[in-house]
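See below for the structure under consideration.
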Amino acid sequence: ETIGRVAGTNASVLITGESGTGKELIAEAIHENSTRSAKPFVKVNLGGISSSLFESEMFGHVRGAFTDARFDRTGRFEMANKGTIFLDEIGDLEASCQVKLLRVLQDRTYEVLGSSRTKIVDTRVVCATNKNLSEMVSSGLFREDLLYRINLITIHLPALRERPTDIPLLVNFFIDNMKELYGRPDLLVLPTAMRWLQQLPLPGNIRQLKNLVERTVLISNKNELGIDDFQSQLNLSPLKNDKVKLPGVGTMTLEQMEAEMVKQAMDFHKNRITKAAASLGITRNALYRRLEKHQIPFNETED
31 ETIGRVAGTN
41 ASVLITGESG
51 TGKELIAEAI
61 HENSTRSAKP
71 FVKVNLGGIS
81 SSLFESEMFG
91 HVRGAFTDAR
101 FDRTGRFEMA
111 NKGTIFLDEI
121 GDLEASCQVK
131 LLRVLQDRTY
141 EVLGSSRTKI
151 VDTRVVCATN
161 KNLSEMVSSG
171 LFREDLLYRI
181 NLITIHLPAL
191 RERPTDIPLL
201 VNFFIDNMKE
211 LYGRPDLLVL
221 PTAMRWLQQL
231 PLPGNIRQLK
241 NLVERTVLIS
251 NKNELGIDDF
261 QSQLNLSPLK
271 NDKVKLPGVG
281 TMTLEQMEAE
291 MVKQAMDFHK
301 NRITKAAASL
311 GITRNALYRR
321 LEKHQIPFNE
331 TED
């Protein structure tokens, strides 16, 4: 409903939520329902761009602008002209780059690296983050004026554990796609398995749920998928068959179950963050946040 209201405007949108909650899907939906839908939708992971490459990546460069600039390069903003640019992980943007981004958002102009010519850009800006930008502003880690510029409209995506009624909709959507993808038109999830899936804490959110469903479909030779089929895949790592086992539900809350899963993953992988995060279906940063959230002590081991 919110997407429908904001899509037709040119207002900047900030999408917040944990990793894997579907922020990119929401950004694409905003673009597809806007007047710019026929124009490019350009995705940029700001967390993966160093400060030294920011201008070249975002604004482009001309040949000879620096030592290795052998050809002209088109920047992301120029690629997104008349369309939408999706700036993911904006909370990871370094301070020096925040100033440069603010200028183009304010003035709608930028200069290609190595050129004195100013270019004008017309693009819808949608940003996403899994961090609390207001707290980062208070800590001096994020510019207040940039935050005001990017969050004219804010859409928060709750974690999947906070909206278990969405799980059947998502599972059925994934199953419908896989029926066609894998040529198995009779695939279905039994009601008991669907209720079981709704009880999982799923720290990796939609991404983890999709991976679990797809692995189960690929490994099982049955068309009617039950609890045992999903349980066997939940207890397996996609890499080494070492997925931590789900703790018994009993009287535990979802928060307690999540904490227990994180503890088991860290113990099983001997505090190797990368491997523990992979077995849980989340990123390293997401695992660090959960360790802090649940106050779980650990001595990190080299991966």
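Note that the sequence shown ends on residue 333 in this note's numbering; no numbers are left out.
Think of the CB as a built atom: it goes at the ideal place given N, C-alpha and C, for glycine as much as any other residue.
Every value quoted in this text rests on a predicted model; they were computed, and no experiment measured them.
Beta-carbon proximity of residue i to residue j, cut-off 8 Å
i, j, result
"Val156", "Ala57", "yes"
"Tyr212", "Val243", "no"
"Arg66", "Arg154", "yes"
"Thr51", "Leu190", "yes"
"Glu124", "Ser81", "yes"
"Leu187", "Lys53", "yes"
"Thr32", "Ile185", "yes"
Beta-bridge partners of residue i, as assigned by DSSP
i, result
"Val156", "Val43, Phe116"
"Tyr178", "Partner(s): none; Tyr178 has no beta bridge."
"Val134", "According to DSSP, which records beta bridges pairwise, Val134 is partnered with nothing at all."
"Phe101", "DSSP output for Phe101 lists no bridge partner at all."
"Leu255", "Val219"
"Ile150", "Thr139"
Which of helix, strand or coil DSSP assigns to residue i
i, result
"His91", "strand"
"Arg214", "coil"
"Ser186", "It is His, not Ser, that sits at residue 186 in the sequence shown. The answer is strand: DSSP assigns His186 an E or B state."
"Leu143", "strand"
"Lys293", "helix"
"Glu124", "coil"
"Glu85", "helix"
"Phe203", "helix"
"Phe71", "strand"
"Thr65", "coil"
"Phe107", "helix"
"Phe260", "helix"
Nonlocal neighbours in the same chain, by C-beta distance under 6 Å from residue i, ignoring five residues either side
i, result
"Pro198", "Met224"
"Asp118", "Asn75, Ala158"
"Ile180", "Ser42, Leu44, Cys157"
"Val72", "Arg106, Met109, Ala110, Ile115"
"Phe96", "none"
"Leu182", "Ala41, Ser42"
"Val134", "Tyr140"
"Gly256", "Leu220, Ala223"
Close Cβ partners of residue i (< 7 Å) along its chain, the five nearest in sequence each way excluded
i, result
"Thr313", "Ser49, Ala307"
"Pro70", "Met109, Ala110, Gly113"
"Glu254", "Leu218, Leu220"
"Leu321", "Val292, Phe328"
Nonlocal neighbours in the same chain, by C-beta distance under 8 Å from residue i, ignoring five residues either side
i, result
"Asn329", "Asn301"
Residue-chain proximity (residue i, chain B), Cβ-Cβ < 8 Å
i, result
"Glu330", "Here chain B cannot be found, since the structure has a single protein chain."
message = Count Cβ pairs between the region 88–99 and the region 131–142 that sit closer than 8 Å; are there 3 or more?
response = yes
query = Can at least three beta-carbon pairs, one atom from the region 164–175 and one from the region 198–210, be found at a separation below 8 Å?
reply = no
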